[in-house]
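Taking it in order: structure first as structure tokens, then the write-up.
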Amino acid sequence: MTKRLVVVTAGLGKPSSTRLLADRLATATGRRAEADIQVIELRELANDIAQNMVTGFPSPRLRDAVDAVTSADGLIAVTPVFTGSYSGLFKSFFDVIDKEALAGLPVLIAATGGTARHSLVLEHAMRPLFAYLRAVVVPTAVYAASEDWASDGAGALAGRVDRAASELAALLGARPDRPLGDSNGPEEPGRPADVDDMAVVPFAQQLAALAVEG
Amino acid sequence: MQFGIFTVGDVTTDPTTGRTPSERDRIKAMVAIALKAEEVGLDVFATGEHHNPPFVPSSPTTMLGYVAARTERLILSTSTTLITTNDPVKIAEDFAMLHQLADGRVDLMMGRGNTGPVYPWFGKDIREGIPLAVENYALLHKLWREESVDWAGRFRTPLQSFTSTPRPLDGVPPFVWHGSIRSPEIAEQAAYYGDGFFANNIFWPKDHFKRLIGLYRDRFAHYGHGTPEQAIVGLGGQVFMRKNSQDAVREFRPYFDNAPVYGHGPSLEEFTEQTPLTVGSPQEVIEKTLSFRESFGDYQRQLFLMDHAGLPLKTVLEQLDILGEQVVPVLREEFAMGRPAQVPDGPTHEALVARRDQDAKDAADIAADPQEVQA
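Residue numbers (UniProt numbering), protein chains in the order written: chain G, 1 to 214; chain C, 1 to 375.
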């Protein structure tokens with residue numbers, strides 16, 4: 001069965017080396033597993049993300065992007081390294097997603113930077129972020145410095161891309177079933193209902209938990 | 001269907017003049033706005049409750065008592081009364097006193113309050129917000145319905161043979177709404193008691209509230225209070241009007257752009273597209289408000305936020321004139337059209353008393369002749 005692979009890239013340039021790395025990872029994964037690939041460029045959502053921070057609710061197109069990520073079978077998340085860590089835009093996107101919504105999601109993490117000196121951002125910032133969200137991060141994380149783009153096809157980057165893609169492809173069917181909640185809202189087949197945010201404990205049970213008499 | 005206004009009670013600098021009203025100015029302005037609401041034919045005035053600057057209304061029944069003495073018809077309400085941090089015994093007493101003084105023109109809306117630091121000032125913890133709302137309201141509900149209350153719970157000292165005085169007018173408690181922005185637990189609570197549910201939809205998109213109100217309506221029916229269509233729903237809305245739409249936008253934009261709750265985020269245009277905020281002509285306000293019925297079903301109470309974003313009192317009073325003269329009369333007519341007969345009107349004391357008496361009469365009839373009723 002075809003899986004849904006979503007790529008989130010926080011590159012800002014046009015063209016962007018972050019997007020380039022994201023595309024290589026997506027293509028390599030797509031070669032190993034049958035997957036529909038959707039790319040989300042956070043640059044295009046920068047205003048929507050900032051506004052969600054202020055208002056507390058997503059614009060329709062940000063909501064679509066968040067829904068795509070939370071309902072995916074696999075995620076490739078790629079950020080440029082800014083000031084020693086993932087970019088603020090990258091972090092902000094994941095800040096506006098419900099912290100339960102990525103549980104069990106297989107994730108391939110990758111980053112780009114000017115030099116290889118920052119490559120541990122993947123292990124010291126990206127991996128803990130997704131661990132907090134209880135996503136399943138594949139063992140191989142891919143870092144591409146400027147010098148890697150100059151290496152030939154047999155170089156280290158291509159090898160790491162292939163290894164990481166194999167690891168993600170193997171997990172694409174592994175995400176546990178998510179609850180299909182909310183019998184009140186419109187059902188959209190194939191999409192887990194909004195983290196069943198309308199699920200409710202029957203009132204008698206809420207009262208009983210407090211042991212209020214009468 | 002009832003129409004009214006609700007006020008947050010914020011002291012906000014007018015961004016066009018740099019002038020900040022004093023607390024006294026703001027309190028008097030809130031009263032002037034309430035009196036104006038009655039003058040222009042609105043049904044309800046509701047005040048917020050806050051315990052931190054820049055807000056003034058920490059003592060709603062004091063203000064509402066004063067307004068009650070100067071009005072004849074206006075229903076006095078809250079938006080909201082903090083059921084988490086107030087002692088439910090004091091809420092029962094304060095609002096029963098107001099209920100008596102105002103000849104029954106009182107209802108109230110329960111809310112939790114979302115400002116973490118306020119809770120410990122009253123000896124509470126925001127992490128217990130929902131359990132506090134559940135337990136405290138269970139006690140309040142009992143205090144207004146039982147003369148002698150024995151009670152024990154997690155959050156306050158027990159009561160034995162306690163009678164809350166005065167009793168509500170005519171022995172019929174004030175109608176209660178439960179206000180919520182995002183919590184399905186509160187929709188469930190409102191449904192359980194057959195109380196009203198006020199979806200404060202002013203800052204969020206309608207899809208969310210469609211689901212929240214849908215949940216409330218379903219659960220209202222589940223608990224045997226009537227059909228989903230008979231559930232008692234209130235909605236918010238916020239508007240700024242001028243005769244010409246462009247004038248409204250030009251005048252309101254600096255207020256929007258700088259207001260603590262609106263500003264520095266989405267543009268005015270984006271915000272009006274996604275939330276109930278309407279900045280335009282009276283006709284645009286009418287159209288937007290009528291669209292609420294399409295989204296949420298026939299409902300009972302529409303409250304508008306009018307004194308927002310630091311608008312000066314003079315402007316707010318002009319807005320209320322427009323609302324009362326040009327908008328609400330049309331809305332009353334339009335909402336009445338095609339409204340199913342079984343959908344209840346907005347709650348009033350008289351209606352609650354009549355229902356109580358009818359229920360008593362029905363019970364007596366059944367006791368007198370059970371066969372006939374079964375047939």
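C-beta: ideal position from N, C-alpha, C; glycine also.
query = Got a sec? Which residues, its chain only, sit under 8 Å from K124 of chain C by beta carbon, not counting five neighbours each side?
reply = Start at 1 with the first residue of the second sequence, and residue 124 of chain C comes out as number 124. So the qualifying residues of the chain are T84, T85, L132 and F155.
ask   = Q51 of chain G CB to nearest chain C CB: under 8 Å?
value = Taking the first sequence and counting its residues from 1, one reaches residue 51 of chain G at position 51. For Q51 of chain G, the closest Cβ of chain C is nearer than 8 Å.
ask   = Which residues in chain G sit within 9 Å of H264 of chain C, going by Cβ to Cβ distance?
value = Taking the second sequence and counting its residues from 1, one reaches residue 264 of chain C at position 264. Those are V54, listed as they occur along chain G.
message = Using beta carbons (cut-off 8 Å, strictly below), is E185 of chain C in contact with chain G?
response = The residue labelled residue 185 of chain C in the question sits at position 185 within the second sequence. Chain G, which has a Cβ nearer than 8 Å to the Cβ of E185 of chain C, makes this yes.
message = Quick check: is the beta carbon of W177 of chain C nearer than 8 Å to any beta carbon in chain G?
response = Start at 1 with the first residue of the second sequence, and residue 177 of chain C comes out as number 177. Output row for W177 of chain C: interface = no.
query = How would you list, in chain order, the residues of chain C whose beta-carbon sits under 7 Å from the beta-carbon of residue 225 of chain G?
reply = As displayed, chain G neither begins before 1 nor continues past 214, which places residue 225 of chain G out of reach and without an answer.
key: Any chain C beta carbon closer than 8 Å to V200 of chain G   = As a working mapping, residue 200 of chain G is identified with position 200 in the first sequence. Cβ-Cβ to chain C under 8 Å: yes for V200 of chain G.
task = In the DSSP assignment, find the unbroken alpha helix (DSSP H) run with residue 218 of chain G in it and report its ends.
result = As shown, chain G starts at 1 and ends at 214. That puts residue 218 of chain G outside it, with no answer to give.
query = Is there a Cβ from chain C that is less than 8 Å from the Cβ of F57 of chain G?
reply = Mapped onto the first sequence, residue 57 of chain G falls at position 57. Judged by the 8 Å Cβ criterion, F57 of chain G is in contact with chain C.
query = Out of curiosity, what's the CA-to-CA distance linking A144 of chain G and T16 of chain C?
reply = If you number the first sequence from 1, residue 144 of chain G lands on position 144. If you number the second sequence from 1, residue 16 of chain C lands on position 16. Cα-Cα distance, rounded: 51 Å.
task = Can you say whether I322 of chain C is buried or exposed, counting buried as having 16 or more other CB atoms within 10 angstroms of its CB?
result = The sequence position of residue 322 of chain C within the second sequence is 322, counting from 1. I322 of chain C comes out buried.
ask   = What do you reckon, are the CB atoms on V285 of chain C and V353 of chain C nearer than 8 Å?
value = For the purposes of this step, residue 285 of chain C is identified with residue 285 of the second sequence, where counting begins at 1. For the purposes of this step, residue 353 of chain C is identified with residue 353 of the second sequence, where counting begins at 1. Going by C-beta atoms, V285 of chain C is not nearer than 8 Å to V353 of chain C.
ask   = Comparing the C-beta of P189 of chain G with each C-beta of chain C, is any distance below 8 Å?
value = As a position in the first sequence, residue 189 of chain G is number 189, starting the count at 1. Reliability of the predicted coordinates at P189 of chain G is poor, the pLDDT of 34 falling under 50, and the value obtained from them is presented with this limitation in mind. By this cut-off, P189 of chain G is not an interface position.
query = If you draw a straight line from the alpha carbon of G338 of chain C to that of A351 of chain C, how long is it in whole angstroms?
reply = Here residue 338 of chain C corresponds to residue number 338 of the second sequence, with the count starting at 1. Here residue 351 of chain C corresponds to residue number 351 of the second sequence, with the count starting at 1. Distance between the alpha carbons of G338 of chain C and A351 of chain C: 22 Å.
inquiry  = Our contact map puts P58 of chain G next to V6 of chain G with C-beta atoms below 8 Å; I'd like the distance itself, whole angstroms only.
reply    = Here the question's residue 58 of chain G lines up with position 58 in the first sequence. Here the question's residue 6 of chain G lines up with position 6 in the first sequence. Actually they do not touch by this definition, with Cβ atoms about 16 Å apart.
Inter-residue Cα distance where the pair is M1 of chain G and F130 of chain G = Translated into positions along the first sequence, residue 1 of chain G becomes position 1. Translated into positions along the first sequence, residue 130 of chain G becomes position 130. Cα-Cα distance, rounded: 26 Å.
query = Which ranges does the alpha helix (DSSP H) cover as unbroken runs of at least 4 residues, wholly within the region 236 to 305 of chain C, from first to last along the chain?
reply = 245 to 258, 268 to 274 and 282 to 296
key: Rounded C-alpha distance that separates G226 of chain C from G194 of chain C   = Here residue 226 of chain C refers to the residue found at position 226 of the second sequence. Here residue 194 of chain C refers to the residue found at position 194 of the second sequence. Going by the C-alpha atoms only, they are around 9 Å apart.
inquiry  = Please confirm whether V40 of chain C has its beta-carbon closer than 8 Å to some beta-carbon of chain G.
reply    = For the purposes of this step, residue 40 of chain C is identified with residue 40 of the second sequence, where counting begins at 1. Interface with chain G (8 Å Cβ-Cβ cutoff): V40 of chain C is excluded.
query = Does the distance from the C-beta atom of G237 of chain C to that of T289 of chain C stay below 8 Å?
reply = Within the second sequence, numbered from 1, the residue matching residue 237 of chain C stands at position 237. Within the second sequence, numbered from 1, the residue matching residue 289 of chain C stands at position 289. It is a contact, given that the beta carbons lie within the stated cut-off.
key: Segment contact flag, the region 136 to 148 of chain C with the region 84 to 104 of chain C, C-beta cutoff 8 Å, min 3 pairs   = yes
key: Continuous beta strand (DSSP E) assignments of at least 3 residues falling wholly in the region 104 to 189 of chain C   = Fully enclosed beta strand (DSSP E) runs of 3 or longer: 107 to 111, 149 to 151, 159 to 162 and 175 to 180.
ask   = CA-CA distance, A103 of chain G and R134 of chain G?
value = Position 103 of the first sequence, counted from the start, is the residue given in the question as residue 103 of chain G. Position 134 of the first sequence, counted from the start, is the residue given in the question as residue 134 of chain G. The straight-line gap from Cα to Cα measures roughly 5 Å.
inquiry  = If you measure between the beta carbons of F197 of chain C and I213 of chain C, is that distance less than 8 Å?
reply    = Translated into positions along the second sequence, residue 197 of chain C becomes position 197. Translated into positions along the second sequence, residue 213 of chain C becomes position 213. The answer is yes: Cβ separation under 8 Å.
key: Within-8 Å CB hit, L143 of chain C to chain G   = In the second sequence, counting from the first residue as 1, residue 143 of chain C sits at position 143. By this cut-off, L143 of chain C is not an interface position.
Where the alpha helix (DSSP H) through F130 of chain G begins and ends = Taking the first residue of the first sequence as position 1, residue 130 of chain G is located at position 130. Run containing F130 of chain G: R127 to Y132, per the alpha helix (DSSP H) assignment.
key: Where S77 of chain C falls: helix, strand or coil (DSSP)   = In the second sequence, the residue the question calls residue 77 of chain C occupies position 77. Note: S77 of chain C maps to strand in three-state DSSP.
query = Closest Cβ-Cβ distance between L207 of chain G and chain C: below 8 Å?
reply = For the purposes of this step, residue 207 of chain G is identified with residue 207 of the first sequence, where counting begins at 1. Cβ-Cβ to chain C under 8 Å: yes for L207 of chain G.
ask   = What's the C-alpha gap between A367 of chain C and F162 of chain C?
value = Locating residue 367 of chain C in the second sequence gives position 367, where the first residue counts as 1. Locating residue 162 of chain C in the second sequence gives position 162, where the first residue counts as 1. Going from the Cα of A367 of chain C to the Cα of F162 of chain C covers about 32 Å.
task = Classify K14 of chain G as helix, strand or coil using the three-state DSSP reduction.
result = Within the first sequence, the letter at position 14 stands for residue 14 of chain G. Residue state, collapsed to three classes: coil.
query = According to the neighbour-count rule (16 or more other Cβ atoms, all chains shown, within 10 Å of its Cβ), is T115 of chain G buried or exposed?
reply = Taking the first sequence and counting its residues from 1, the one referred to as residue 115 of chain G is at position 115. So T115 of chain G ends up on the exposed side.
query = Between which two residues does the beta strand (DSSP E) harbouring G310 of chain C extend?
reply = In the second sequence, counting from the first residue as 1, residue 310 of chain C sits at position 310. Counting along the chain, G310 of chain C sits inside no beta strand (DSSP E), nor does DSSP assign it H or E at all.
message = Between which two residues does the beta strand (DSSP E) holding P106 of chain G run?
response = Here residue 106 of chain G is taken as the residue at index 106 of the first sequence, counted from 1. Its beta strand (DSSP E) spans residues P106 to G113.
request  = Rank C:S245, C:L215 and C:V8 by C-alpha distance to the C-alpha of V56 of chain C and give the top, closest one.
outcome  = In the second sequence, the residue the question calls residue 56 of chain C occupies position 56. Among C:S245, C:L215 and C:V8, the Cα nearest to that of V56 of chain C belongs to C:V8.
query = Y66 of chain C lies in the alpha helix (DSSP H); which residues open and close that run?
reply = Start at 1 with the first residue of the second sequence, and residue 66 of chain C comes out as number 66. Start and end: P60 to A69.
request  = Measuring alpha carbon to alpha carbon, tell me which of C:E49, C:R167 and C:F335 ends up nearest F296 of chain C.
outcome  = Counting from 1 along the second sequence, the entry for residue 296 of chain C is found at position 296. The shortest C-alpha separation from F296 of chain C is found at C:F335.
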